[in-house]
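See below for the structure under consideration.
Residue numbers (the working numbering): 26 to 262.
Structure representation (structure tokens):
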């Protein structure tokens with residue numbers, strides 16, 4: 026993929042982890058080297074990884090492209106279901122193996138076919154816990170993802186079969202949106218459009234949140250919830 030969504034590093038590990046509500050060390054365990062291709066990954070491999078991290082550049086700590094941030098969002102959704110690390114890896118590797126392209130977790134294919142793929146795999150291999158990641162609607166018989174996963178997937182925007190926008194999952198309410206080719210991929214407040222980085226800088230410099238909110242026309246509650254969710258200890262990233 027030469028698309029900048031796949032190839033342009035936008036976030037450090039610390040930033041990406043904070044934006045999806047994951048510990049930095051946890052995110053690091055899910056990353057893979059760039060351009061690593063495996064036509065048929067072995068299901069259940071302990072070293073299987075599914076979040077894209079690019080090769081480091083001198084003096085630049087950014088490693089995660091937009092697509093990697095989306096993949097990390099999906100990984101966090103699976104983690105929130107309470108499954109073990111091993112079973113999550115197995116489930117995600119199944120999806121990647123069954124996808125048409127390597128970055129299956131950032132593809133609309135995940136949203137449309139992922140539940141069926143997991144359900145069928147679990148049925149064949151008696152994987153009850155993975156099967157519980159999907160539910161079958163009684164009225165239609167359609168297989169859909171676990172509610173927790175579905176809530177995360179609904180925050181991913183697709184326009185060409187691949188993710189093109191993401192509402193950050195770290196806040197309970199949809200407050201911050203990332204578009205890779207807008208403002209360098211920095212999160213923007215959905216109301217008011219202010220860059221999170223600018224709001225954060227002024228807040229940590231000691232400015233009252235009410236003053237910041239007035240200047241950027243962002244609700245005080247939106248700023249407070251976002252900062253508390255991303256920097257709960259009030260420390261710089």
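Even glycine gets a Cβ: it sits at the ideal position worked out from N, Cα and C.
Own chain, CB closer than 7 Å to residue i, minus 5 neighbours either side, in chain order
i           : result
residue 113 : 103 and 104
CA nearest to the CA of residue i, picked from the options
i           : options               : result
residue 122 : 100, 107, 99 and 146  : 146
residue 263 : 168, 243, 175 and 162 : Limits of the chain in this structure are 26 at one end and 262 at the other, which puts residue 263 out of reach.
residue 39  : 53, 109, 220 and 226  : 53
residue 97  : 41, 167 and 175       : 41
residue 173 : 187, 149, 108 and 151 : 108
residue 94  : 83, 110, 120 and 56   : 56
residue 175 : 240, 226 and 99       : 99
Cβ distance (whole Å) where residue i is taken to contact residue j below 8 Å
i           : j           : result
residue 251 : residue 211 : No, residue 251 and residue 211 are not in contact; Cβ-Cβ is about 13 Å, not under 8 Å.
residue 192 : residue 101 : The pair is not a contact, with the Cβ atoms about 14 Å apart (cut-off 8 Å).
residue 87  : residue 143 : Incorrect: roughly 32 Å between the Cβ atoms, too far for contact.
residue 170 : residue 178 : 7 Å
residue 248 : residue 238 : 6 Å
Cβ-based neighbour list, residue i, same chain, cut-off 8 Å, excluding 5 preceding and 5 following
i           : result
residue 189 : 30, 182, 183, 204 and 205
residue 264 : Because residue 264 is not part of the residues shown, which for the chain are 26 to 262, the question remains open.
6 Å CB neighbourhood of residue i in its chain, flanking five on each side removed
i           : result
residue 92  : 30, 31, 77, 128 and 131
residue 254 : 195 and 196
Straight-line gap, residue i to residue j (C-alpha atoms, nearest Å)
i           : j           : result
residue 67  : residue 118 : With a pLDDT of 35 at residue 67, under the threshold of 50, the predicted position of this residue should be treated as unreliable, though the coordinate-derived value follows. Cα-Cα distance, rounded: 8 Å.
residue 245 : residue 235 : 6 Å
residue 135 : residue 124 : 8 Å
residue 214 : residue 180 : 14 Å
residue 164 : residue 224 : 46 Å
residue 80  : residue 90  : 11 Å
residue 220 : residue 167 : 40 Å
residue 161 : residue 232 : 50 Å
residue 185 : residue 216 : 25 Å
residue 154 : residue 229 : 43 Å
residue 110 : residue 133 : 24 Å
residue 43  : residue 51  : 11 Å
residue 149 : residue 115 : 14 Å
residue 198 : residue 218 : 16 Å
residue 159 : residue 151 : 14 Å
residue 33  : residue 138 : 28 Å
residue 226 : residue 141 : 44 Å
residue 256 : residue 27  : 33 Å
residue 75  : residue 187 : 16 Å
residue 222 : residue 209 : 11 Å
residue 49  : residue 120 : 24 Å
residue 85  : residue 37  : 9 Å
CB contact check: residue i to chain C, cutoff 7 Å
i           : result
residue 257 : Within the model displayed, chain C is absent; a lone protein chain is all it includes.
heavy atom of the ligand MN below 6 Å from residue i C-beta
i           : result
residue 197 : Questions concerning the ligand MN fall outside what the structure shown contains, since it holds no ligand whatsoever.
| request: Please specify which runs of the beta strand (DSSP E), each continuous and at least 3 residues long, are wholly inside the stretch 154-204, giving them in chain order. | output: 159-161, 168-170, 181-183, 188-192 and 201-203
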